[in-house]
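Asks: Per the working numbering, residue 37 is the first one in the sequence shown, and the count goes up by one each step.
Okay, handing you the structure first.
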Amino acid sequence: MSNDVYVVTADTYEDSYGAEITLFGVFETEEKAIERVEELKKKNRFVYMITRTQLNKNIEGYLGGYYE
């Protein structure tokens, strides 16, 4: 059994300058993450990212965010 998980995020900030990273799901397979992205693309024009990481592992990663 793999400990890999797939995290779906997007920058949802719609004003002129800034960023606001939103989490849209954590999935146990890449296929499920892709399905979620395809579902979301029908609703808006955000650019989605799928990041693979491991469950129950200490990590440190900047998700993002910026306002001017």
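Glycine is no exception: its CB is placed at the ideal position from the N, C-alpha and C atoms.
Any heavy atom of the ligand COA inside 6 Å of the beta-carbon of alanine 55?
Replies: By its list of ligands, the structure shown contains no ligand whatsoever, and the ligand COA lies outside what it can speak to.
Asks: Helix, strand or coil for valine 73, going by three-state DSSP, please let me know.
Replies: Under the three-state reduction of DSSP, valine 73 is assigned to helix.
Asks: Could you check which residue in Val44, Asn94 and Asn39 has the C-alpha nearest to that of valine 73?
Replies: If we check each option's Cα against that of valine 73, Val44 comes out closest.
Asks: Is valine 83 buried or exposed, if buried means 16 or more other CB atoms sit within 10 Å of its CB?
Replies: exposed
Asks: To the nearest angstrom, how far is it from the Cα of aspartate 47 to the Cα of glutamate 56?
Replies: In a straight line, the C-alpha of aspartate 47 is about 5 Å away from that of glutamate 56.
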